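These notes are about the structure you will find just below.
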Amino acid sequence: MHVPRIDLISRNNRLNSKSQCTCKIWKLAVFALLLFALYSELSTWDGIVDPEENFKLRTAADIKAYTKLFLEYGYNAWLAERLPLRLSIAVIFRNEQLETLLRMFHSLRDRTNMTLISELIVINDYSDNGFWLEKSSRDAFDAYLKHYITQNLQIFHMEDQMGLVRARRFAVRNSNFDIIIFVDANVEFTDGWLEPMLTVLNHHEPTLVSPQIDRIDEQTLEYVRVEEQRGVFDWTLRRREVPLLRQQLKDMPNPFETPVPNTVVFGMDADLFNSLIHFDEDLNSPAAFELQLSFYMWHQELRIVQVPCSRVAHLQPSDRSYLQRNGNMQQLAAQQFSSYKRLVEIWLYNTKYKSFIYENHPQIKNAILGNISDVEEEYEYLPVLNSFDWYLENVAPDLLQHFPLKAPSYFANGTLRPTQQRTQCLTGDLQTNRISLMPCDHSKRAAQNWTLSYMNDLRLGDNHCLEVQSNRKLALSQCTTLAGPQNWHFDLNYNNLISNTLCLEAHAKFFLMVRTCSTRNAQQKWYFEHMHKDAIKANNFY
């Protein structure tokens, strides 16, 4: 009798195959459930956004697309692509190098989902040198953008310089969409930079949003990642960066609130921005405008949010003399002091902070205020208005820890001597504005008593500053506090006095100039009669 042979191996293989198939089905089911749970969590990924009913995962194709995008970007990019926003991006520039500008536009095109951008607004704010002088060049630039970047384009070549703040107003007036994002000309985008910003902007509550601003190395043009920090200001009203609060560090990489926005790249509701820019139309300094944004938003309990998952790099030259291309430095300084004074009179009116700023920053106190009656009237009609003390307690609770309310200290003062010629002192002539090395003499104290001020300028008396001329020679000029050719800081490691990457150098024949810094060059080493090293270190930290 024939006994059928049982193929145990085949049977085991079939059983294993069936078991593996069942296991795969269970794994897929569990994975799908996890995805739904994860989606539910990520719909409020930053603690801000509520999922819209129309944007729920409903089909296998939705799940597949969601999974692919989440694995690619690390956040709910599926939802971000479906946000009901119509978006304008505005780029404003003046006298920019063409190659750097085109690099920015190609970075925007290559690393942005362009279907999210309804239009690109480009404003050439009266560039008046090089490539931009010829109409044929400007026409070629326009054609290039339309062909290689986007057809959804508005380009404006202004016949007079407006300045950055007025140019932003102009961009909003010419935008037809809900959201506007302003972009500096010298930036480079990363993949997926836009979606996290849009996720935050989709919230019902009006919010100003900025990405994390990294930097581009000015020598190699490499992308350099920068640690996240919050924007605040000191009592000279300059923007400063300070560490995140403890809870914000714990919540990383969630978006975090910041007192003062970084306006290299920022976005907000166009109607809200329109109401803000018309709040004080005579405030035209970009630095003062950042503080205006801060006070206007936070005093009404609106929000300013920075998004770490959105990253954009900025090319910021350490040589601040490039600021001269924006116009006459003395006129720009007067404009900035006037704008700061308007801020103080509106937002810090009748407070001890106003008195403190005026006592320690006479250039703001003595600036031309202009008529602010309309602004004061509009201020009274703001829907919600918190005090400046509320701002310090709730928005910038650590500001007074970093920048105490005390008279600012200078960094160094007294005579300034080259270490190789210790009997010689840097000497300034207030009548001719000339600079020289002369024998140190107590009878010439007024001409040899220098102050490296908290504004990072080198002063002789109250209002004369050492300035680097275009030929790298030196002269005295009226202080502007705008950095640029009057920017100086002291390197404690090498005793160098540095202006925009160039070192002050004393030659044997008492000739002075600035040259490329060299740690081996003894003619570039200086010492002050009195130095506050802790103040210098603290200034370099911020």
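In case it helps, our numbering puts the sequence shown at residues -14 to 527.
Just so it is clear, CB atoms sit at the ideal spot from N, CA and C, and this is done for glycine as well.
The structure displayed is predicted, hence computed values, not measured ones.
Any C-beta of chain C under 8 Å from that of residue i
i: residue 76; result: Although the question refers to chain C, the structure presented lacks it and comprises just one protein chain.
Residue i classed as buried or exposed, judged by whether at least 16 other C-beta atoms fall within 10 angstroms
i: residue 473; result: buried
i: residue 237; result: exposed
i: residue 62; result: buried
i: residue 356; result: exposed
i: residue 510; result: buried
i: residue 100; result: exposed
i: residue 375; result: exposed
i: residue 129; result: exposed
i: residue 379; result: exposed
i: residue 79; result: buried
i: residue 215; result: buried
i: residue 334; result: exposed
i: residue 351; result: exposed
i: residue 12; result: Bear in mind that a pLDDT of 49 at residue 12, under 50, signals an unreliable position, so the model cannot answer this.
i: residue 519; result: exposed
i: residue 15; result: Interpretation of residue 15 is limited by its pLDDT of 49, a score under 50 that renders its predicted location unreliable; no figure is taken from the coordinates.
i: residue 392; result: exposed
Collapsed DSSP secondary structure at residue i in the structure displayed
i: residue 516; result: strand
i: residue 524; result: helix
i: residue 261; result: helix
i: residue 236; result: helix
i: residue 181; result: helix
i: residue 413; result: strand
i: residue 330; result: helix
i: residue 355; result: coil
i: residue 501; result: strand
i: residue 220; result: coil
i: residue 404; result: coil
i: residue 509; result: helix
i: residue 374; result: helix
i: residue 210; result: coil
i: residue 95; result: helix
i: residue 52; result: helix
i: residue 476; result: strand
i: residue 483; result: strand
i: residue 103; result: coil
i: residue 122; result: helix
i: residue 452; result: strand
i: residue 203; result: coil
i: residue 324; result: helix
Best match in the options for proximity to residue i [C-alpha to C-alpha]
i: residue 155; options: 106, 170, 241 and 172; result: 106
i: residue 418; options: 449, 358, 88 and 442; result: 449
i: residue 167; options: 475, 379 and 75; result: 75
i: residue 249; options: 262, 172, 60 and 185; result: 172
i: residue 179; options: 162, 121 and 94; result: 94
i: residue 58; options: 177, 91 and 285; result: 177
i: residue 240; options: 263, 293 and 259; result: 293
i: residue 482; options: 103, 398 and 391; result: 398
i: residue 420; options: 460, 438 and 152; result: 460
i: residue 205; options: 262, 301, 116 and 47; result: 301
8 Å contact criterion, which residue i and residue j should meet: CB distance rounded
i: residue 345; j: residue 220; result: 7 Å
i: residue 512; j: residue 444; result: Not confirmed; about 18 Å, so no contact.
i: residue 315; j: residue 465; result: 6 Å
i: residue 521; j: residue 373; result: With 8 Å as the limit, residue 521 and residue 373 do not qualify as a contact, their Cβ atoms being about 30 Å apart.
i: residue 97; j: residue 296; result: With 8 Å as the limit, residue 97 and residue 296 do not qualify as a contact, their Cβ atoms being about 13 Å apart.
i: residue 186; j: residue 164; result: 6 Å
i: residue 325; j: residue 349; result: 5 Å
i: residue 245; j: residue 279; result: 4 Å
i: residue 412; j: residue 432; result: 5 Å
i: residue 111; j: residue 146; result: 4 Å
i: residue 198; j: residue 209; result: Actually they are not in contact, since the Cβ atoms of residue 198 and residue 209 sit about 11 Å apart, beyond 8 Å.
i: residue 442; j: residue 471; result: 5 Å
i: residue 490; j: residue 505; result: Their Cβ separation, rounded to whole angstroms, is 13 Å, which puts residue 490 and residue 505 out of contact at 8 Å.
i: residue 299; j: residue 169; result: 6 Å
i: residue 457; j: residue 498; result: 5 Å
i: residue 157; j: residue 265; result: About 15 Å; that fails the 8 Å criterion.
i: residue 408; j: residue 507; result: With a Cβ gap of about 16 Å, residue 408 and residue 507 do not count as contacting.
Residues that residue i bridges to, as DSSP identifies them
i: residue 435; result: 399 and 445
i: residue 197; result: 296
i: residue 531; result: Nothing in the structure corresponds to residue 531, since the chain is present only between -14 and 527.
i: residue 537; result: Outside the shown range of the chain, which is -14 to 527, sits residue 537, and nothing can be said about it.
i: residue 172; result: 299
i: residue 192; result: 288
i: residue 225; result: 217
i: residue 488; result: 483 and 500
i: residue 163; result: BP columns for residue 163 are empty, so no partner.
i: residue 341; result: Beta-bridge pairing links residue 341 to no other residue.
i: residue 254; result: 164
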